[in-house]
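Note that numbering that gives the first Met the number 0 has the sequence shown beginning at 0, numbered continuously upward. Heads up, the beta-carbon is just placed ideally off N, CA and C, and yes, glycines get one too. Heads up, the thing below is written out as structure tokens.
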Amino acid sequence: MKELGAGVLFVFLWASASVATKLGIQSCPPLTLAALRLVGAGVLLCGYVYGVRRRYPLPAGGQWPRLAVLAFLNTTVYLGAYVLALRTVPAGLASLFVAINPLLITLFSAGLLRRRVAATEWLGLLLALAGLGLCAVPVLRAGVGGAAGGLWLLGGGMVSYSLGSVLFARFALPLPTLVVNAWQVLLGGVALVPLIGWLGGGGPVVPGARFWGALGWLVGPVSIGAVQLWLRLLARDAVDAGKWLYLVPLVGYGLAYALLGEPITGWAMGGTAVALAGVAIGRVRRS
Numbered sequence: 000m001k002e003l004g005a006g007v008l009f010v011f012l013w014a015s016a017s018v019a020t021k022l023g024i025q026s027c028p029p030l031t032l033a034a035l036r037l038v039g040a041g042v043l044l045c046g047y048v049y050g051v052r053r054r055y056p057l058p059a060g061g062q063w064p065r066l067a068v069l070a071f072l073n074t075t076v077y078l079g080a081y082v083l084a085l086r087t088v089p090a091g092l093a094s095l096f097v098a099i100n101p102l103l104i105t106l107f108s109a110g111l112l113r114r115r116v117a118a119t120e121w122l123g124l125l126l127a128l129a130g131l132g133l134c135a136v137p138v139l140r141a142g143v144g145g146a147a148g149g150l151w152l153l154g155g156g157m158v159s160y161s162l163g164s165v166l167f168a169r170f171a172l173p174l175p176t177l178v179v180n181a182w183q184v185l186l187g188g189v190a191l192v193p194l195i196g197w198l199g200g201g202g203p204v205v206p207g208a209r210f211w212g213a214l215g216w217l218v219g220p221v222s223i224g225a226v227q228l229w230l231r232l233l234a235r236d237a238v239d240a241g242k243w244l245y246l247v248p249l250v251g252y253g254l255a256y257a258l259l260g261e262p263i264t265g266w267a268m269g270g271t272a273v274a275l276a277g278v279a280i281g282r283v284r285r286s
């Protein structure tokens, strides 16, 4: 029951990230917003770990390279691509792309963790992916300006995050998930700062309720709360955790509709039904 609650809360928080980011980049350049989010969350987490709790040791020398790899894949590449894509891709469609993570996690797990993938899991993963693809049809037909490039960025970011998720399970660092999260967020954010100038992501920040609200939500509930829940789910089973990501687009579409006015079409509803069927089939092996 605890894992069910953790999964449901993770889905809501992770789905809200696309809406909060979409609102945030209206007042702040994308990469600047991402860097502020990561560095802010990293400083808070490290301050809590080493200033409040004071019972966690610093990572050992041999653990730093692995933490750097996780930071690069799970934060720098993933979040950098994600926020850049949201300049042109609707928030609902961005949350949809999260659903390819379980398929990629399954593939990477088969190669890196030597985990056998059951036939029902393959069928469920592919069926869910097909259903989520149906949800994307209206946006692709509409030819949203720059959406194609944004989709490539999102796809690359998902590959990076999925690989990082499997490597987290493979590395099995003898550190609390709170410590791993603190350092991968802080290191990933610091690595993102030089990219702001290099990729032309600089520009003025317009402070206001929208900016501070979006940044605060992304730093606290998303970067700290949701990532902690995700690492907890990953620690039990990387592939089983990935199946929660199928529900993120469904919640994401609902939040984007309610808060941003993005439409929910018949394609989206039909695709949702197919995706949920895929999730059910993919979980047969676990029942």
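Coil, strand or helix - residue i by DSSP
i           : result
residue 280 : helix
residue 248 : helix
residue 74  : helix
residue 261 : coil
residue 175 : coil
residue 60  : helix
residue 106 : helix
Enclosing alpha helix (DSSP H) for residue i [first to last residue]
i           : result
residue 64  : 63 to 70
residue 235 : 226 to 235
residue 211 : 208 to 216
residue 115 : Note, residue 115: premise wrong, no alpha helix (DSSP H); not H, not E.
residue 1   : 1 to 23
residue 223 : No alpha helix (DSSP H) contains residue 223, which DSSP labels as neither H nor E.
residue 156 : 146 to 170
residue 42  : 29 to 46
residue 90  : 90 to 96
Own chain residues within Cβ distance below 6 Å of residue i, not counting five before or after
i           : result
residue 38  : 188
residue 162 : 72 and 107
Close-in-space but distant-in-sequence residues of the same chain around residue i (CB under 7 Å, 5 per side omitted)
i           : result
residue 65  : 170 and 172
residue 68  : 166
residue 266 : 133, 134, 136 and 137
Whole-Å CB distance - residue i paired with residue j, under 8 Å assumed
i           : j           : result
residue 75  : residue 190 : 5 Å
residue 235 : residue 26  : Not really, about 38 Å apart at Cβ, beyond 8 Å.
residue 82  : residue 33  : 5 Å
residue 232 : residue 11  : At roughly 14 Å, the Cβ-Cβ gap does not stay under 8 Å, so residue 232 and residue 11 are not in contact.
residue 104 : residue 241 : 4 Å
residue 91  : residue 255 : 4 Å
residue 102 : residue 128 : 6 Å
residue 244 : residue 179 : The pair is not a contact, with the Cβ atoms about 19 Å apart (cut-off 8 Å).
residue 124 : residue 269 : So it is not a contact: roughly 19 Å between Cβ atoms.
With a threshold of 8 Å, are at least 3 pairs of Cβ atoms found where one atom belongs to the segment 259 to 278 and the other to the segment 215 to 224? no
Between the segment 239 to 259 and the segment 7 to 21, do at least 3 Cβ pairs fall closer than 8 Å? yes
Checklist entry - Given 8 Å as the limit, is there contact between the segment 178 to 187 and the segment 37 to 54, that is, 3 or more CB pairs closer than that? => result yes
(Q) Quick check: the segment 87 to 107 against the segment 145 to 158, are at least 3 beta-carbon pairs closer than 8 Å? (A) yes
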